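Below: one structure, written as structure tokens.
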Amino acid sequence: MATLQDSLANALKNKAVIQNHMRQHQKCWEAPPELDSSAFSHPIQVFVRVRPLLQRDRDSGAFSLVMVQPPRTVHFTHPTNRWTGGCFATKTYDADGVFDEEATNDTVYGRLGLQEMIKQALSEPGHEFCVMAYGQTGTGKTYTTTAIEERLTADVFSLMPDENIPKLSLTAFEIRGGKAYDLLSDPSHNPVQITSANGSSTYPGLGKHGVATQEDLVTLLGKAKELRMTRSTVKNDTSSRSHCIVTLHIEHTTGDGSDIIIVDLAGSERSSYATKNDPERVKESIETNKGLAALKDCIRARLSTSNQHIPWRSSKLTMVLRGAFEQSPARSSKLIVLACISPSIIDSEDTMGTLKYITPFQLTGDAALEASKHHTGGSSRLDHASEWGHDDSVVSDPLMIITRP
Ligand SMILES: Nc1ncnc2c1ncn2[C@@H]1O[C@H](COP(=O)(O)OP(=O)(O)O)[C@@H](O)[C@H]1O
Ligand SMILES: [Mg+2]
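Here you go:
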């Protein structure tokens, strides 16, 4: 097996060829099928955000393998060993919206349509709005969810109705290794229990903190962030291994409520070497993967046209997010999945994993058919492997790129 250095050197040798392939591919881009207007009221929407190359990427000579075609397509060039000798290919993915390296947090926040959700949640009960960031560690999940929280904090107060003013409260906790920990109590209590009773999940031991002013909200969110970071520093980067769930509860004068939930998910990358040598981290990693797999199953069940049972009991994470999957006459839910990816060649295997993870969320019924038509077109000379959908041939060493003779 080649070392990382060999692989990177190999990829860099091919930089010009790969970038030329990407340019050729770009010439053949086609516009994606139009989204019909119902797409925006879809219960699940998927966005992709590509972070810029970081200094550490540049220092190692890495370059970008991702091209963003606004408003909603991402092209990703990746290594493949489909033919003897290895090769690379470009795949095309559609989402409800895509953000390139230059997109600002304001642009992202605006496109997700959060202000409209906040208005609805403040004006009537029965809404469950959830935004979650999914992706490998280091791709901008915390960067983006923090920015969303900051903007939400201001908007909740500027959009507050003049009468029938609802009461606000906040909870914040993280789930790691199948256990939940309060992020607003310091020193931390015993793990928070997550149980289900009478059709909803309950959290004995979790502190629910009243919010009267914007300053209260800023202070509480700051405290949660700080505690997460402190624990992470003390305990070997736990923040990348835990799901962080912040919920703004909006209680209306009728006694019913709406919720806005921001989720910064644990890193979706495969276990690292360090993890494999630490039994506690192996257990955590199994639980994290179980949660992310259960999340995928719940989203697919929610999208299914055959009224499938939603398997929300299969992990702590999905128990917590149950309201975001379920629809009932009394409650409406909306889930926004923001897939964060790195453009760097070093991260190509995990980028592929993230794009594969979100693909089924887009492909239901007619949409699947349209997408498959769109994606079989536009192939360039070196692009023979760019079929829409699945490709299990990604090499285990992401940097081992060999061009076809
Ligand atoms: N869109 C972006 N623009 C600039 N820097 C970014 C962007 N997204 C992420 N970063 C930077 O990348 C690094 C990793 O981001 P972070 O949010 O901590 O990733 P994650 O939470 O997914 O592990 C941080 O230094 C962050 O500031
Ligand atoms: Mg993070």
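For the sequence shown, UniProt numbering begins at 1 and goes up steadily by one. By construction, the Cβ of each residue, glycine as well, lies at the ideal position given by its N, Cα and C atoms. As the structure is a computational prediction, the values presented were derived from the model and not from experiment.
Fill in: Residue span of the beta strand (DSSP E) that contains residue 160, given as start and end
Unbroken run through residue 160: none, as it is neither H nor E.
Fill in: 8 Å Cβ cutoff met for residue 76 and residue 355
A contact, by the Cβ cut-off of 8 Å.
Worksheet item: Going straight from the alpha carbon of residue 168 to that of residue 126, what length do you get?
Response: About 15 Å.
Worksheet item: When DSSP labels each residue in this structure, what does residue 34 get in the three-state scheme?
Response: It is coil, neither helix nor strand.
Practice prompt. State buried or exposed for residue 16, treating a residue as buried only when at least 16 other CB atoms are found within 10 Å of its CB.
Written response: Of the other Cβ atoms in all chains shown, fewer than 16 fall within 10 Å of the Cβ of residue 16; this residue is therefore exposed.
Fill in: Neighbourhood of residue 120 by C-beta, 7 Å cutoff - its chain only, sequence neighbours within 5 removed
127, listed in sequence order.
Worksheet item: Whole beta strand (DSSP E) runs in the segment 42-112 with 3 or more residues, listed along the chain?
Response: Runs found: 44-50, 66-69, 73-80, 87-94 and 97-99.
Fill in: residue 242: CB within 7 Å of a non-hydrogen atom of ligand 2
Residue 242 Cβ: outside cutoff for every heavy atom of ligand 2.
Practice prompt. With a threshold of 7 Å, establish whether the CB of residue 354 neighbours any heavy atom of ligand 2.
Written response: No, ligand 2 has no heavy atom inside 7 Å of this Cβ.
Worksheet item: Taking the C-alpha atoms as reference points, what is the distance between residue 35 and residue 44?
Response: For residue 35 and residue 44, the distance between alpha carbons rounds to 14 Å.
Item to complete: Please classify residue 284: does DSSP put it in a helix, a strand, or coil?
Response: Residue 284 falls in the helix class under three-state DSSP.
Worksheet item: Nearest-angstrom Cα distance between residue 104 and residue 212?
Response: Taking the straight line from one Cα to the other gives about 30 Å.
Discussion item. Please identify the residue among 93, 347, 130 and 101 whose C-alpha is closest to the C-alpha of residue 268.
Written reply: Scanning 93, 347, 130 and 101 for the CA closest to the CA of residue 268 turns up 347.
Worksheet item: With 16 as the cutoff for other CB atoms within 10 Å, does residue 162 come out buried or exposed?
Response: By the neighbour-count rule (16 or more Cβ atoms within 10 Å), residue 162 is not buried but exposed.
Worksheet entry | Beta carbon of residue 250 nearer than 8 Å to that of residue 122 | Yes. Within cutoff.
Worksheet item: What did DSSP end up calling residue 411 once you bin it into helix, strand or coil?
Response: Residue coverage of the chain in this structure runs from 1 to 405, which leaves residue 411 outside it and unanswerable.
Fill in: DSSP state of residue 297 mapped onto helix, strand, coil
Note: residue 297 maps to helix in three-state DSSP.
Worksheet entry | CA nearest to the CA of residue 271, picked from 341, 136 and 117 | Nearest C-alpha to residue 271: 136.
Worksheet entry | 8 Å contact criterion, which residue 214 and residue 153 should meet: CB distance rounded | Contact holds; Cβ gap of about 6 Å.
Item to complete: Just the C-alpha distance for residue 333 and residue 258, rounded to the nearest angstrom, thanks.
Response: Counting only the Cα atoms, residue 258 lies some 10 Å from residue 333.
Worksheet item: Would the beta-carbon of residue 357 be found less than 7 Å away from any heavy atom of ligand 1?
Response: No, the beta carbon of residue 357 sits no closer than 7 Å to any heavy atom of ligand 1.
Fill in: Residue range of the unbroken beta strand (DSSP E) whose run includes residue 209
209-211 is the span of the beta strand (DSSP E), which, as asked, contains residue 209.
Discussion item. Taking 8 Å as the threshold (C-beta atoms), are residue 182 and residue 210 in contact?
Written reply: The answer is no: Cβ separation not under 8 Å.
Worksheet item: Exposed or buried, what is residue 362 when buried is set at 16 or more other beta-carbons lying within 10 Å of its beta-carbon?
Response: By the neighbour-count rule (16 or more Cβ atoms within 10 Å), residue 362 is buried.
Practice prompt. Tell me whether residue 344 is buried or exposed, calling it buried when 16 or more other Cβ atoms sit within 10 Å of its Cβ.
Written response: Label assigned to residue 344: buried.
Worksheet item: Which residue's Cα is closest to the Cα of residue 293: 234, 265 and 57?
Response: Nearest to residue 293 by alpha-carbon distance, out of 234, 265 and 57, is 265.
Worksheet entry | Contact under 8 Å by Cβ, residue 66 with residue 341 | In contact: residue 66 and residue 341 (Cβ atoms closer than 8 Å).
Discussion item. Quick test of your reading: residue 32 and residue 73, contact by CB under 8 Å. State the CB separation rounded to the nearest angstrom.
Written reply: At roughly 5 Å, the Cβ-Cβ gap stays under 8 Å, so residue 32 and residue 73 are in contact.
Practice prompt. Starting from residue 243, trace the beta strand (DSSP E) both ways and give me its first and last residue.
Written response: Looking at the DSSP string, the run of the beta strand (DSSP E) that includes residue 243 is 243-251.
Discussion item. So, for residue 176: in the same chain, excluding its five sequence neighbours on each side, which residues have a beta-carbon less than 7 Å away from its beta-carbon?
Written reply: Closer than 7 Å at the Cβ level, and outside the excluded window around residue 176, lie 238, 241, 242 and 284.
Item to complete: Spatial neighbours of residue 19 within its chain, please: CB distance less than 6 Å, with the 5 preceding and 5 following residues excluded, ordered by chain position.
Response: Taken in chain order, the list of residues that qualify is empty.
Item to complete: Determine the direct distance from the alpha carbon of residue 309 to that of residue 368, and round the result to whole angstroms.
Response: Annotation note: pLDDT 44 at residue 368 (below 50); position unreliable, no value reported.
Worksheet item: Who pairs with residue 258 in a beta bridge, going by DSSP?
Response: DSSP output for residue 258 lists 250 as bridge partner(s).
Item to complete: Give a yes or no on whether the C-beta atoms belonging to residue 300 and residue 325 are separated by under 8 Å.
Response: Contact flag unset, no.
Worksheet item: In whole angstroms, what separates the C-alpha of residue 92 from that of residue 221?
Response: Spanning the alpha carbons of residue 92 and residue 221 requires a straight line of approximately 37 Å.
Worksheet item: Is residue 197 buried or exposed, if buried means 16 or more other CB atoms sit within 10 Å of its CB?
Response: It counts as exposed.
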